[in-house]
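Taking it in order: structure first as C-alpha cells, then the write-up.
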Amino acid sequence: MNQLGKGAFLTVKAGEEVNTMTIGWGMVGLIWNKPIFQVLVRKSRHTHDLLERSEDFTVSFPIGKDLKEALAFCGSISGKEVNKLERPFISTKKGKKVHAPIISECNLHYECRIVAKQELVEDQIGTDLGTMFYGNGDYHTLYYGEIVACYEL
Numbered sequence: 086m087n088q089l090g091k092g093a094f095l096t097v098k099a100g101e102e103v104n105t106m107t108i109g110w111g112m113v114g115l116i117w118n119k120p121i122f123q124v125l126v127r128k129s130r131h132t133h134d135l136l137e138r139s140e141d142f143t144v145s146f147p148i149g150k151d152l153k154e155a156l157a158f159c160g161s162i163s164g165k166e167v168n169k170l171e172r173p174f175i176s177t178k179k180g181k182k183v184h185a186p187i188i189s190e191c192n193l194h195y196e197c198r199i200v201a202k203q204e205l206v207e208d209q210i211g212t213d214l215g216t217m218f219y220g221n222g223d224y225h226t227l228y229y230g231e232i233v234a235c236y237e238l
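Here the sequence shown stands for residues 86 to 238, where the numbers follow my numbering.
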C-alpha cells in the first residue's frame, strides 16, 4: 500500500465508456466479512459519474515502474475533455472478473465489485480536515469495492 501515496490508476467502465484517473488515497480492509478496497472520488470528477453508472472498478499499481508522467497526466486532465487511453502513456486490457479493464503497464491489480457507497458531507468532517481538503465544497464519495480478484502480472 506504500505505492498508493505515489499514485495508482482507478479505472471504470460504464457502457462502452472507459476512464482512468490517478488516486493517492484509499484503503484495503475487511468490512462485512469481505475483502474491501475503498476509493474516494470527488463529485466533480468524470470518474464519479461513471462509477455512479457502473457496478465495478479496478485499481492498478505500477510497483517499481516509472509511470510518473502517466500518473501526472491522468491526475490532472479530465476524461470529459480527453480520452486518456488514446495517449501513448498507458493502455488497457480486459480484467479477469469485472467489466472495467486493468492498466496493462502496471503489475499489481485489484478488481472490485461495488457493494456500497457513502457520500461525505460537511458535518461529517472535522473542521481542520474540512478546511484543508474541502474548502471549495467538492466532497468525496467513498466507494466500497469487494475485491473479487487480486493478482500480479
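Beta carbons: idealized from backbone N, C-alpha and C, even for Gly. These figures come from a predicted structure and were not determined experimentally.
Provide the residue span of the alpha helix (DSSP H) that contains residue 94, from first to last.
-> Here residue 94 is taken as the residue at index 9 of the sequence shown, counted from 1. Per DSSP, residue 94 belongs to no alpha helix (DSSP H); it is in the beta strand (DSSP E), 93-99.
Work out the CA separation of residue 196 and residue 93 for me, nearest whole Å.
-> As a position in the sequence shown, residue 93 is number 8, starting the count at 1. As a position in the sequence shown, residue 196 is number 111, starting the count at 1. Going from the Cα of residue 93 to the Cα of residue 196 covers about 13 angstroms.
Going by DSSP, name the residue or residues bridged to residue 234.
-> Taking the first residue of the sequence shown as 1, we reach residue 234 at position 149. Its beta-bridge partners are 196.
Report all residues from its chain with a CB closer than 7 angstroms to the CB of residue 210; omit the five preceding and five following residues, and keep chain order.
-> The sequence position of residue 210 within the sequence shown is 125, counting from 1. Same-chain partners within the cutoff: 219.
Residues in its own chain within less than 6 angstroms of residue 200 by CB, not counting five upstream and five downstream?
-> Counting from one through the sequence shown, the residue named residue 200 turns up at place 115. Annotation for residue 200: 229, 231 place their beta carbon closer than 6 angstroms to its own, counting only its chain and skipping 5 residues before and after.
Pick from 227, 105, 123: whose alpha carbon is nearest that of residue 113?
-> Locating residue 113 in the sequence shown gives position 28, where the first residue counts as 1. Minimum Cα distance to residue 113 is reached at 123.
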